[in-house]
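To start, the structure under review is shown below, and the notes come after it.
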Amino acid sequence: RVNMGERVAILVPTNRLAIGNTKGLQEAGIPAEFNKEADHTSDAPKVMTYYSAKGLTFNSVFMPYLSWHRFENVPTPPEDLLFVGTTRAQDWVYMSTSGTPLPQLEWLEPEIGRSVSVRQKGEEVKPTGQSLTTDDIDIL
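With the numbering used here applied, the sequence shown corresponds to residues 1 to 140, in that order.
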């Protein structure tokens with residue numbers, strides 16, 4: 001997505017995850033920027049918390065770590081953060097989880113309000129506009 005000239009955000013629940021992911025991407029040769037140090041005019045992916053993303057928009061938003069244990073100590077309800085995350089994207093939202101997925105992911109299906117594409121590991125991308133089930137969302 002970055003190579004296509006798109007603005008990309010990676011949203012995570014805590015600053016610790018944001019800093020760690022920024023460092024990991026940089027070590028892999030991807031010039032990611034942590035939100036508090038980000039140049040929002042550059043094309044580098046921005047790694048930030050859901051709180052930091054409020055009011056910003058991106059072409060693509062990646063939301064990793066959508067598992068219960070990553071959100072259990074975050075004071076804001078997960079459904080509020082998921083709403084913020086999904087509404088930051090102008091074109092694409094990518095979600096991933098491991099372990100026990102957030103039960104709030106079931107809430108997303110009726111709330112998305114626009115066509116989406118989803119892919120499970122090893123499967124073809126479902127055509128845009130095809131109905132989703134919670135199975136599609138929670139293991140993406």
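We put the beta carbon where it would ideally sit given N, CA and C, even for glycine.
Alpha-carbon spacing of residue i relative to residue j, whole angstroms
| i | j | result |
| --- | --- | --- |
| V8 | T14 | 18 Å |
| P78 | L105 | 9 Å |
| S42 | D80 | 28 Å |
| L82 | H69 | 15 Å |
| I30 | G24 | 9 Å |
| T86 | L102 | 15 Å |
| E27 | R16 | 17 Å |
Which of helix, strand or coil DSSP assigns to residue i
| i | result |
| --- | --- |
| D91 | strand |
| K46 | strand |
| I19 | helix |
| S52 | helix |
| E172 | No answer is possible for residue 172: it lies beyond the span of the chain, which begins at 1 and ends at 140. |
| P78 | helix |
| N141 | This structure cannot settle anything about residue 141, because the visible part of the chain is limited to 1 through 140. |
| L105 | helix |
Own chain partners of residue i with C-beta closer than 7 Å, once the 5 adjacent residues on each side are dropped
| i | result |
| --- | --- |
| S98 | S67 |
| T57 | R88 and Q90 |
| I19 | F34 |
Sequence-distant residues of its chain with Cβ nearer than 8 Å to residue i (five each side left out)
| i | result |
| --- | --- |
| T22 | A32, E33, F34 and V47 |
Inter-residue CB distance, residue i and residue j (contact presumed, cutoff 8 Å)
| i | j | result |
| --- | --- | --- |
| Y50 | V93 | Not quite, the Cβ-Cβ distance comes to about 13 Å (not below 8 Å), so this is no contact. |
| V61 | L11 | 6 Å |
| P45 | S96 | Actually they are not in contact, since the Cβ atoms of P45 and S96 sit about 15 Å apart, beyond 8 Å. |
Neighbour flag for residue i against chain C, beta carbons, 8 Å
| i | result |
| --- | --- |
| D91 | Judged by its chain identifiers, the structure shown contains no chain C, having just a single protein chain. |
Beta-carbon contacts of residue i that lie in its chain and below 6 Å, excluding the five residues immediately before and after
| i | result |
| --- | --- |
| S52 | N35 |
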